Amino acid sequence: MAERKDQDPCLDHFREHREEIRTELLDSIARFAPGEWDGSPLRVRSGPFSIVVDVHADVAGFSSRVITRIRAPYVNRDGFRFRLRRRSLMLDLAKHLGMEDVEIGDPEFDREFIVQGNSKEELRRLLGCERLRRDLVEAPVELLEVRDDEGWFGPDFPGEVDELYLQADGRITEPDKIDRLYRPFAETLDRLCQIGSAYRSDPNVRL
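Sequential numbering of the sequence shown, starting at 585, is according to the working numbering.
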């Protein structure tokens, strides 16, 4: 008999590591005097999970802006991908012109985010956690998505490896503010495990 996704051996697997990663991450920032961490990559690993936090100059054409990122490669066993973007006038216009926006059924969350994905069923399972939706609304999350690569200048990913990617606008280096971003990121990775999308194998990718 085929194994059901909700019985996957990855169930709760990231939960075993999330507090250890959180503690090590915040301790790494706290080793710097206030304001001294320049946003260079901080890498934290526990078991098969590796998370990178940094401040990055995002270049688009002739302009650039500073963003704060949290990233984690993982083995994507079912190819599920999604994108959550904080609403803006431009995105609302794009929606009016026909861009997809999956409504989850939580009025506050649906007001804050444009939601897209390649499986509406998986999206609703992923976002079925009230705590995750609340943390996303309350944190300064601009973008949360699954990416299949790191772009032109990043490492190549093996076939089944994707990246969970969170982005916030501006330079964020204070431990308490990083913690506010880490909470929904960690909950999302945990939920991906629970719904059977993220597998516990080591992706063998260094970001």
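Quick reminder that beta carbons are idealized off the backbone N, C-alpha and C, glycines included. Quick caveat, the model's predicted, so the values are computed rather than measured.
Residue i: first and last residue of the uninterrupted alpha helix (DSSP H) it sits in
{"i": "Arg606", "result": "599 to 614"}
{"i": "Leu791", "result": "Looking at the DSSP string, Leu791 is not in any alpha helix (DSSP H), and its letter there is neither H nor E."}
{"i": "Ala770", "result": "759 to 778"}
Integer-rounded CB distance, given that residue j should sit under 8 Å from residue i
{"i": "Leu773", "j": "Phe598", "result": "5 Å"}
{"i": "Asn660", "j": "Ala782", "result": "7 Å"}
{"i": "Phe741", "j": "Pro625", "result": "Not really, about 17 Å apart at Cβ, beyond 8 Å."}
{"i": "Ile613", "j": "Ile635", "result": "So it is not a contact: roughly 13 Å between Cβ atoms."}
{"i": "Glu696", "j": "Val721", "result": "5 Å"}
{"i": "Asp690", "j": "Arg717", "result": "5 Å"}
{"i": "Glu726", "j": "Arg665", "result": "Wrong, their Cβ atoms sit about 18 Å apart, outside the cutoff."}
{"i": "Arg755", "j": "Val628", "result": "The Cβ separation is near 20 Å, so there is no contact."}
Continuous beta strand (DSSP E) stretch holding residue i: start and end
{"i": "Phe664", "result": "Note, Phe664: premise wrong, no beta strand (DSSP E); not H, not E."}
{"i": "Phe697", "result": "697 to 701"}
{"i": "Asp642", "result": "633 to 644"}
{"i": "Leu711", "result": "That residue, Leu711, is in no beta strand (DSSP E); it is neither H nor E in DSSP."}
{"i": "Val628", "result": "626 to 630"}
Paired residues, beta bridge with residue i - DSSP
{"i": "Ser785", "result": "Looking at the DSSP assignment, Ser785 forms no beta bridge with any residue, so it has no partner."}
{"i": "Met753", "result": "Reading off the sequence shown, one finds Asp at residue 753, where the question assumed Met. Ile651."}
{"i": "Met728", "result": "In the sequence under discussion, the amino acid at residue 728 is Leu, which differs from the Met named in the question. DSSP lists Leu668, Leu750 as partners of Leu728."}
{"i": "Pro657", "result": "Glu747"}
Rounded straight-line distance, which links the Cα of residue j to that of residue i
{"i": "Pro768", "j": "Ile654", "result": "11 Å"}
{"i": "Asp760", "j": "Leu609", "result": "11 Å"}
{"i": "Asp763", "j": "Lys679", "result": "31 Å"}
{"i": "Arg803", "j": "Tyr749", "result": "In the structure displayed, the chain extends from 585 to 791; residue 803 sits before or after that span and is not available."}
{"i": "Leu765", "j": "Thr652", "result": "10 Å"}
{"i": "Glu600", "j": "Thr757", "result": "26 Å"}
{"i": "Glu587", "j": "Ala617", "result": "Here Glu587 scores only 39 on pLDDT, less than 50, and its place in the model is too uncertain to base an answer on."}
{"i": "Glu705", "j": "Arg615", "result": "43 Å"}
{"i": "Glu603", "j": "Phe693", "result": "26 Å"}
{"i": "Gly743", "j": "Val789", "result": "12 Å"}
{"i": "Leu728", "j": "Asp685", "result": "14 Å"}
{"i": "Ser630", "j": "Val637", "result": "15 Å"}
Where residue i falls, given that 16 or more other Cβ within 10 Å makes a residue buried
{"i": "Thr719", "result": "Here residue 719 is Asp; the residue named in the question, Thr, does not match the sequence. Per the 10 Å Cβ criterion, buried."}
{"i": "Gly780", "result": "buried"}
{"i": "Ala723", "result": "buried"}
{"i": "Val643", "result": "exposed"}
{"i": "Gly701", "result": "buried"}
{"i": "Leu673", "result": "exposed"}
{"i": "Leu677", "result": "exposed"}
{"i": "Arg709", "result": "buried"}
{"i": "Asp611", "result": "exposed"}
{"i": "Asp622", "result": "exposed"}
{"i": "Asp732", "result": "exposed"}
{"i": "Ala752", "result": "buried"}
{"i": "Phe633", "result": "buried"}
Cβ-heavy atom distance, residue i to the ligand GDP, below 6 Å
{"i": "Leu626", "result": "With respect to the ligand GDP, the structure offers nothing, as it holds no ligand at all."}
CB contact check: residue i to chain C, cutoff 7 Å
{"i": "Glu608", "result": "In the displayed structure, chain C is absent; only one protein chain is listed."}
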